[in-house]
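Everything below concerns the one structure shown next.
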Amino acid sequence: MSQQRTWRLLFIFATVILALAGCSGDPRLNVLTPKGTAGEIQLDLIKWSLILMVVVFAIVLAIYVYVLIRFRKRKGIDRMPKQVHGSTFLEILWTVVPIICLVVLAFPTVRYTFDLADKPKGDALEVKVTGYQYWWEFEYPQLGIKTAQELVIPTGRKVHFEIKGKDVLHSFWVPALGGKTDVVPGRVNYMWLDAKKPGLYQGKCAELCGAGHALMDFKVYAKNPSDFNQWVTAMKQPATKTVTKDLAEGEKLFRQNCMGCHAGVNPSIKGPELTHFGLRDTIAGTLPKNEANLKKWLKDPSAIKPGTKMPKIDYLNDQEMNALTQYLMTRKPESTKK
Amino acid sequence: MATLLVIIVFALFLTAILTGGYNKKFFARVKDTKVWDWITTVDHKKIGILYFISGIFFFLIGGIEAIFMRLQLAFPDSNLFVGDVFNQLLTMHGTTMIFLAAMPMIFGLMNAVVPLQIGARDVAFPFVNALGFWLFFFGGLLLNLSWIFGGAPDAGWTSYTSLALNNYSPGPGVDYYVLGLQIAGIGTLIGGLNFIATIINMRAPGMSFLRLPMFTWTVFVTSALILFAFPPLTVALLLLMFDRIFGANFFDYAMGGSTVIWEHLFWIFGHPEVYIVILPAFGVMSEVISTFSRKRLFGYTSMVFATVLIGFLGFMVWVHHMFTVGLGPVSNSVFAVATMAIAVPTGIKVFNWLFTMWGGEIRFTTPMLWAVGFIPTFVMGGMTGVMLALPPADYQYQDSYFVVAHFHYVLVGGTVFGLFAGLYYWWPKMFGKMLSERLGKWHFWLFAIGFHLTFFPQHFLGLFGMPRRVFTYHSNLGLDTLNLLSSIGVIGMALGTIILGVAIYRSFLSKEQAPADPWDGRTLEWTIASPPPEYNFAQTPLIRSYDAFWVAKEQKTQIEPAEPLAPIHMPSSSYLPIMMSLGLFIAGFGFITRGIEVSILGVAITLLMMFLRSFEQDHGYHIDPRPIREEKGAKV
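Protein chains in written order, with UniProt numbering: chain A, 1 to 338; chain B, 1 to 636.
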């Protein structure tokens, strides 16, 4: 029996090694390799609690293995164990020691809880986040910019999020930068994050919000301050004037078919902002942006993101579709075109 | 409708075949059938078996749902079950496993064991006991009919609003959830009340509270938790029912309602619920470990104290499910510390089990294997529990696969391992047959290894950024290998469960009768035959110590009877419980299909049955003790 148990332990051990070595997670959304202050604070607590727990587990496991081997029934021996009632000393011991451990753990917990809830001091960048089924809107009130699906933030500066919802619960999560905060319709929640290094981080919706929940992704681009300012300037410029005939046709189609929802004409069927859509890397927050994918998305959006409110644009002919996608792909400010 | 008609016709045919056709003696013959005997029974042992079998049935359904989900998640970007279908699977898996598998299996063990352990002839209210079972059964049936009629609920087992409101979940799915759980919940609530009354009032003379077997103690605390935890659920479901069916706005923020209220109500119920399902498993562990170590339970009094404390604290921690809702640092800190405090009594229990085995003589029978497998698994679930209790860390774990791993370690590694231990341990007492030890060991090893392979990698999946309840993940995000491993592990659990099925089948076929005391037991249930006679104890025993049977065996005496052999008073069986439940089932179906006339009919049936019950002159019947005396005399 003890042999079988050893095998089982070995097996668990092997799984751990495999998990740690073979698949160490992707840095774009790994909690264990944080790229921001909030994530570091949280990882710190994760580590300390894990170490404490592993020590406790090791003690339990040591007693456990010893007991199972030492006191197993051996063949041919019929021993009557002594019927003990308990031991006051031992019982006090394993009541008091855990209490001390937990008190030790409680101090940093409470401190960090308050730290993370504090409004950041100094010149934090304000961003209003709104969660919709199944996309994200990001508004920069200080800069007068509104965008969707792709959040751009400067490095080395705290970003203070004001998180709101209009339909169902969502949860705003950028694993590599820090923990999540729920989007609660009828409430305003706040959270801060910062990114220490420039890079691309993956954002996720973490609260079941309907059929498209799994694909309610967003991207976070952390840019160093000068790149960020460049982006801000670009975002404030008007989109390019359409020059070619195709693009003009595309713009016309866009006005006819898309602007009803995507330009806030009718607030009850609101779709994501498409201003400067050409600057983005993804379609619907989840599909890599290229013309083929864009056509796929337009023709049958719910095949890609189940439950999306975006209707099928399957009534355009090939030429019209080409014009529309070309227009969308180049819908960005002149200064960014090379 | 056509399906319903076919089912009714089929049922009529079956009745005709089983009873030999309709004529003047039709009803007499119906009453002679085994089926009638089972559906009208008020015997706690039979009700226990009914609970257990329905629990296993729903466990299989929930398991199949889990297999489908792991199939979909085995590879990135797959297209087997996406969107709403996947959401239906995950909702029904959670709801089924908690309410329709874990709860009835626990009630099964409670019914089968508690009256025997306290030396009683039945529970305090046998009629209510049957009613509780049938309400649970029809509630569960109603919930699962959603797969056939109109689509299953898809807003998660937590059914958070406003996703669960009509605007975002059109169709009858969530209505099935609301009404199915409401009906099953009434059953659970009255079942809990019944066990509180039973344990307080029906103990044999001398069986003081500090001589109660540990399993009975945990059932007592669990029943108290049910009494206080289920009413908030009832209220929540009622409000949601009004929102969905009668156009109220309790949870619609646009109309001045609040979605957070639902979260509070649900978790004020939901957190105690996890202790409701884990405490009886602790009780099973205490019995099994003590029996197979041949030692008295170490620190019995502190075990009792720890159980009560866990039950008490269980009501003070619900907000740890809501740390990310934005309730502020003060409430998050308070609930964090309260949650951490629960680790202390739980730790006391684990160490007491270890020191029960210390110095004992450990026999690795199948029940003991499950108990021994339980300890490290449950401790791991407890450890991640403490980690989850820290709000800043929880902001990362919350709603990720880390949480999925955690609660499966406590619910499968804790409750299910405990239930399996109890199943193998008390099977001979329930059915009078043994379960194969050899198959049982296969079952254990396959299931345990499969379990760890499935859920251990999920801790890492969560930390690597995978949210829970997602139907897919993209292939380039470092989540592929672990997801595949996790899906492979399911094979182990499925094979283990199939082997359990084989073992059960074989045990029913076997002719060999189980002995009264197959495990060298310590408590009263092992003093009587397996399976026990319908009156359990011919004479109520007189209890002089904890582990009375063990002490009697040590002193080579027998437990003295507390009364002379006299006619034994038994409750009569009744068809009213199943009819009352059927009425509510019809009413529920009416509300779901928005056929209010049908609902009125259903409620009328239930009220009529209650009326009949109120005016029924039923004093039960008496069993003549003479044959028992002769049997006893023959033995001596």
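Cβ coordinates follow ideal geometry from the N, Cα and C atoms, glycine included. Note that the coordinates shown come from a computational prediction; the quantities given were computed from them, not determined experimentally.
> Taking the alpha-carbon positions, what's the Ala21 (chain A) to Phe172 (chain A) distance?
Replying inline: Taking the first sequence and counting its residues from 1, the one referred to as residue 21 (chain A) is at position 21. Taking the first sequence and counting its residues from 1, the one referred to as residue 172 (chain A) is at position 172. For Ala21 (chain A), the predicted model reports a pLDDT of 48, less than 50, meaning its position is unreliable; a value from the coordinates is still stated below. Each residue's alpha carbon lies about 29 angstroms from the other.
>> Let me check one thing: in DSSP terms, what residues is Glu137 (chain A) bridge-paired to?
In response: What you label residue 137 (chain A) is simply residue 137 of the first sequence in a count that begins at 1. For Glu137 (chain A), which the question treats as bridged, DSSP gives the partners A:Thr130, A:Ala148.
>> Can you check whether the C-beta of Asp26 (chain A) is within less than 8 angstroms of a C-beta belonging to chain B?
In response: On the first sequence, position 26 is the one that residue 26 (chain A) refers to. Yes, Asp26 (chain A) lies at the interface with chain B (some Cβ there is under 8 angstroms from its Cβ).
> Residues of chain A with a CB under 9 angstroms from the CB of Met285 (chain B): which are they?
Replying inline: One-based indexing of the second sequence puts residue 285 (chain B) at position 285. Within 9 angstroms Cβ-Cβ: nothing; Met285 (chain B) doesn't reach chain A, min ~13 angstroms.
> Where in the UniProt domain "Cytochrome c" (245-332) of chain A do unbroken runs of the alpha helix (DSSP H), each at least 4 residues long, occur, reported from the N-terminal end onward?
Replying inline: 245-257, 259-262, 291-299, 301-304, 318-329
> Taking 8 angstroms as the CB-CB limit, is Leu354 (chain B) close to chain A?
Replying inline: Position 354 of the second sequence, counted from the first residue, corresponds to residue 354 (chain B). Judged by the 8 angstroms Cβ criterion, Leu354 (chain B) is in contact with chain A.
> For the ligand FMN, is there a heavy atom less than 7 angstroms away from the beta-carbon of Gln558 (chain B)?
Replying inline: As for the ligand FMN, it is missing from this structure, which has no ligand bound.
> Assuming Ile163 (chain A) contacts Tyr190 (chain A) under a Cβ cut-off of 8 angstroms, what Cβ separation, rounded to an integer in Å, is found between them?
Replying inline: Numbered from 1 along the first sequence, position 163 holds the residue referred to as residue 163 (chain A). Numbered from 1 along the first sequence, position 190 holds the residue referred to as residue 190 (chain A). Indeed they touch by this definition, with Cβ atoms about 7 angstroms apart.
>> Can you confirm whether Ser49 (chain A), when its beta carbon is compared against all beta carbons of chain C, has any partner nearer than 8 angstroms?
In response: Going by chain labels, chain C is absent from the structure shown, which instead holds the protein chains A and B.
> My guess is that residue 402 (chain A) and Pro238 (chain A) are in contact by the Cβ rule of under 8 angstroms, so how many angstroms apart are they, rounded?
Replying inline: Since the displayed chain A opens at 1 and closes at 338, residue 402 (chain A) lies outside it and no answer follows.
> By DSSP, does Cys205 (chain A) sit in helix, in strand, or in coil?
Replying inline: Against the first sequence, residue 205 (chain A) aligns to sequence position 205. Strand at Cys205 (chain A).
> Using CA coordinates, which residue listed in A:Gln230, A:Phe218, A:Leu298, A:Cys205 is at the minimum distance from Arg468 (chain B)?
Replying inline: As a first step, residue 468 (chain B) must be located in the second sequence, where it is residue number 468. Nearest C-alpha to Arg468 (chain B): A:Cys205.
> Within 8 angstroms (strictly less), CB to CB, does Asn257 (chain A) reach chain B?
Replying inline: For the purposes of this step, residue 257 (chain A) is taken as the residue at position 257 of the first sequence. So no, Asn257 (chain A) is outside the interface.
>> The beta strand (DSSP E) that contains Val174 (chain A), what's its start and end?
In response: Residue numbering aside, residue 174 (chain A) sits at position 174 when the first sequence is read from its first letter. Start and end: 170-174.
> To which residues does DSSP link Ile586 (chain B) through a beta bridge?
Replying inline: Start at 1 with the first residue of the second sequence, and residue 586 (chain B) comes out as number 586. Beta-bridge pairing links Ile586 (chain B) to no other residue.
>> Pro205 (chain B) and Ala562 (chain B) - do their beta-carbons sit closer together than 8 angstroms?
In response: Taking the second sequence and counting its residues from 1, one reaches residue 562 (chain B) at position 562. Taking the second sequence and counting its residues from 1, one reaches residue 205 (chain B) at position 205. Yes, the Cβ-Cβ distance between Ala562 (chain B) and Pro205 (chain B) is below 8 angstroms.
>> My assumption, with CB atoms under 8 angstroms, is that residue 638 (chain B) sits in contact with His459 (chain B). Please give the rounded CB distance.
In response: This structure does not reach residue 638 (chain B), given that chain B is present from 1 up to 636, and the question cannot be answered.
> Span of the beta strand (DSSP E) holding Val159 (chain A)?
Replying inline: Translated into the one-based positions of the first sequence, residue 159 (chain A) becomes position 159. 159-165 is the span of the beta strand (DSSP E), which, as asked, contains Val159 (chain A).
> Going along chain B, which residues have a C-beta under 7 angstroms from Val152 (chain A)?
Replying inline: Counting from one through the first sequence, the residue named residue 152 (chain A) turns up at place 152. Correct list: empty, because the minimum Cβ distance to chain B is about 20 angstroms.
> Between which two residues does the beta strand (DSSP E) carrying Gly119 (chain B) extend?
Replying inline: For the purposes of this step, residue 119 (chain B) is taken as the residue at position 119 of the second sequence. Careful: Gly119 (chain B) lies outside any beta strand (DSSP E) and carries neither H nor E.
> What are the boundary residues of the beta strand (DSSP E) that Ile568 (chain B) is part of?
Replying inline: Counted from its first residue, the second sequence places residue 568 (chain B) at position 568. First-last of the beta strand (DSSP E) with Ile568 (chain B): 568-570.
> What number of angstroms, rounded off, separates the C-alpha of Asn201 (chain B) from the C-alpha of Pro515 (chain B)?
Replying inline: In the second sequence, residue 201 (chain B) corresponds to position 201, counting from 1. In the second sequence, residue 515 (chain B) corresponds to position 515, counting from 1. So the alpha carbons of these two residues sit roughly 30 angstroms apart.
> Between Gly373 (chain B) and the rest of its own chain, which residues show a CB-CB distance below 7 angstroms, the 5 nearest in sequence each way excluded?
Replying inline: Indexing the second sequence from 1 puts residue 373 (chain B) at position 373. Within the same chain, Gly373 (chain B) has close Cβ partners Phe417, Phe444, Ala448.
> On the three-state DSSP scale, how would you describe Leu191 (chain A)?
Replying inline: Position 191 of the first sequence, counted from the start, is the residue given in the question as residue 191 (chain A). Note that residue 191 (chain A) corresponds to Met in the displayed sequence, not to Leu. Met191 (chain A) falls in the strand class under three-state DSSP.
> Expressed to the nearest angstrom, what Euclidean distance is found between the alpha-carbon atoms of Thr95 (chain A) and Ser530 (chain B)?
Replying inline: Counting from one through the first sequence, the residue named residue 95 (chain A) turns up at place 95. Counting from one through the second sequence, the residue named residue 530 (chain B) turns up at place 530. Looking at the two C-alpha atoms, the distance is approximately 40 angstroms.
> Should Leu4 (chain B) be labelled buried (16 or more other beta-carbon atoms within 10 Å of its own) or exposed?
Replying inline: Taking the second sequence and counting its residues from 1, the one referred to as residue 4 (chain B) is at position 4. Exposed, because fewer than 16 other Cβ atoms sit within 10 Å of the Cβ of Leu4 (chain B).
> Would DSSP call Ala562 (chain B) helix, strand or coil?
Replying inline: Numbered from 1 along the second sequence, position 562 holds the residue referred to as residue 562 (chain B). It is coil, neither helix nor strand.
> Smallest Cα separation from Glu65 (chain B): which of B:Phe75, B:Arg203, B:Thr95, B:Phe52?
Replying inline: Residue numbering aside, residue 65 (chain B) sits at position 65 when the second sequence is read from its first letter. With distances taken between Cα atoms, Glu65 (chain B) lies closest to B:Thr95.
> Which of helix, strand or coil does DSSP assign to Leu200 (chain A)?
Replying inline: Along the first sequence, read from residue 1 onward, the residue named residue 200 (chain A) stands at position 200. Residue state, collapsed to three classes: strand.
> By the criterion of Cβ-Cβ separation under 7 angstroms, what are the contact partners of Leu61 (chain A) in chain B?
Replying inline: One-based indexing of the first sequence puts residue 61 (chain A) at position 61. What Leu61 (chain A) touches in chain B: Pro376.
> Taking Cβ-Cβ distances shorter than 7 angstroms, what residues in chain B pair up with Gln83 (chain A)?
Replying inline: Along the first sequence, one-based indexing puts residue 83 (chain A) at 83. Going along chain B in sequence order, the residues near Gln83 (chain A) (Cβ under 7 angstroms) are Lys295, Arg296.
> Listed in chain order, which residues of the stretch 289-321 of chain B have Cβ atoms closer than 8 angstroms to some Cβ of chain A?
Replying inline: Ser293, Arg294, Lys295, Arg296, Phe298, Gly299, Tyr300, Thr301, Ser302
> For Gly270 (chain B), which residues in chain A fall below 7 angstroms Cβ to Cβ?
Replying inline: The count along the second sequence starts at 1 and reaches residue 270 (chain B) at position 270. What Gly270 (chain B) touches in chain A: nothing, since even the nearest Cβ is about 15 angstroms away.
> Run through DSSP, which three-state label would Tyr546 (chain B) get?
Replying inline: Your numbering for residue 546 (chain B) matches position 546 in the second sequence. Of the three classes helix, strand and coil, the one that applies to Tyr546 (chain B) here is coil, per DSSP.
>> If you reduce the DSSP assignment to three classes, tell me which class Lys635 (chain B) lands in.
In response: Taking the first residue of the second sequence as position 1, residue 635 (chain B) is located at position 635. Note that Lys635 (chain B) scores 44 on pLDDT, short of 50, meaning its location in the model is unreliable; the coordinates nonetheless yield the value given after this. Three-state DSSP puts Lys635 (chain B) in a helix.
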